[in-house]
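Numbering-wise (our numbering), the sequence shown opens with residue 2 and increments by one. Ideal placement from N, C-alpha and C gives every residue a C-beta, glycine not left out. For reference, the structure is listed below as structure tokens.
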Amino acid sequence: MNRWHIAAAVVGALLIATTPALGQPGETPDLLAGAPGGQGQKLLFSGDGVPSHLVVAPGQTFQIAVVLSVGDGWVFYSPSPGGGLFTPMPATLTVDAGSWQVGPALWPADREHDTPIGDTVVKTFVYTGRVVAYLPVTVPADASAGRQEIRLKVTGQVCAEMQFKCVPVRAETTVAVAVGPAALPNAEWTDPLRAGLASAVPAEKLRPEAPASAPAATAASPLSVWGGLGLAVLAGLILNVMPCVLPVIPVRILSVVELARQSRRRFVTVGLAFAAGVALLFVGLAAANVVLHHTAGRALDWGRHFQSAPFRLGMAMVVVAMAANLFGVFTVFV
């Protein structure tokens, strides 16, 4: 046993644990539109809907202006956010209008933004302040007279404008219109809303170069089942030489050596059970993310817990304990 090695491991782990995480947000405020919060709480993101008509006629197409407000000092990434090293969560606008037909969302022009990530600056596209998107809605020709509620949901990501501090956001609102024999315009549908509608475009047209490059990328992207499995195996091999998993490798090697001393059948069955368990774990995490995305408009951020200093300190102590075990400081008997 080399005490210098143990001391170095302890010092290194403590330095890692106490180093501030990239983009540490601290306490995240409640970002839901209209959600109750404490006194003085700042709302980073909110939304509302303004219909072009209060009464609509069967067969008519009208517009809903989705007015979004982004807090001062924050940027909201557009539905075509760009990126590369850092790929932001794109803005999405979904609607539940029952049997009424809803056209593609129309977005205003975004602006270029340099997102700082450490010493690197990533080119992205964002909105700030007041943002207005539009949804064309067509009333069925056989629609019955009465009230119709249309539920809107906007999801995306906001980041602090001058630093890499990001949080996912969601805003929900309900727009009510009435179906009648004649259309009645909404007095709140003002000239600025009309002007914004004239210049709004679908998300795929925000980047003029996107339509030209998309077909080639789409044609080359499909993979066969075996190709996908091959990439998965390659990703697993790369993962196992990454420094973040190096402490785990000796533990796995020791367990494999121990199993090799027993029957080959047990060696194979335990190995397959281990692989199946890992696969099922990640399938479960993916399923949880899908359910959260469709029900709550949120997703699990796997790296968020590493922005907590107590969590990093706890993980560092686990690494130190594993190192001490490998150096023979203590032995765990099962």
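| Query | Result |
| --- | --- |
| Meets three-Cβ-pair contact criterion under 8 Å: the stretch 56 to 69 and the stretch 134 to 149 | yes |
| Contact under 8 Å by Cβ, P80 with Q158 | no |
| Inter-residue Cα distance where the pair is K166 and V155 | 20 Å |
| Coil, strand or helix - E205 by DSSP | helix |
| Cβ pair count under 8 Å reaching 3, the stretch 110 to 117 against the stretch 65 to 75 | no |
| Inter-stretch contact at 8 Å, needing at least 3 Cβ pairs: the stretch 123 to 135 / the stretch 223 to 237 | no |
| V319 burial status per 10 Å Cβ neighbour count (16 or more: buried) | exposed |
| Which residues DSSP lists as bridging S70, in chain order | S47 and R131 |
| Endpoints, the beta strand (DSSP E) within which P80 is located | W75 to G83 |
| Contact under 8 Å by Cβ, V133 with I65 | no |
| Beta-carbon separation (whole angstroms), L194 vs G50, contact threshold 8 Å | Actually they are not in contact, since the Cβ atoms of L194 and G50 sit about 12 Å apart, beyond 8 Å. |
| Spatial distance of G228 from A289 (CA atoms) | 26 Å |
| Which residues DSSP lists as bridging W108, in chain order | V202 |
| Buried or exposed by the 16-neighbour rule on C-beta atoms within 10 Å, applied to P182 | exposed |
| Buried or exposed by the 16-neighbour rule on C-beta atoms within 10 Å, applied to V138 | buried |
| Boundaries (first-last residue) of the beta strand (DSSP E) holding A177 | C167 to V180 |
| 6 Å Cβ shell around E150 - same chain, five flanking residues per side excluded | T175 and A177 |
| Contact under 8 Å by Cβ, L107 with V202 | yes |
| Start-to-end residues for the alpha helix (DSSP H) that takes in A322 | A310 to L327 |
| Limits of the unbroken beta strand (DSSP E) element including T95 | T93 to D97 |
| Bounding residues of the beta strand (DSSP E) (the contiguous stretch that carries M333) | Looking at the sequence shown, residue 333 is not Met but Val. First-last for V333: undefined, no H or E at that position. |
| Host beta strand (DSSP E) of Q149 (start-end) | G147 to A161 |
| Rounded C-alpha distance that separates T191 from L281 | 54 Å |
| Delimiting residues of the beta strand (DSSP E) encompassing V56 | H54 to V57 |
| Backbone secondary structure at P193 - three-state DSSP | helix |
| Proximal residues to S200 (C-beta, below 8 Å), its chain only, five neighbours per side dropped | P109 and A110 |
| Assigned secondary structure, V123 (DSSP; H/G/I helix, E/B strand, else coil) | strand |
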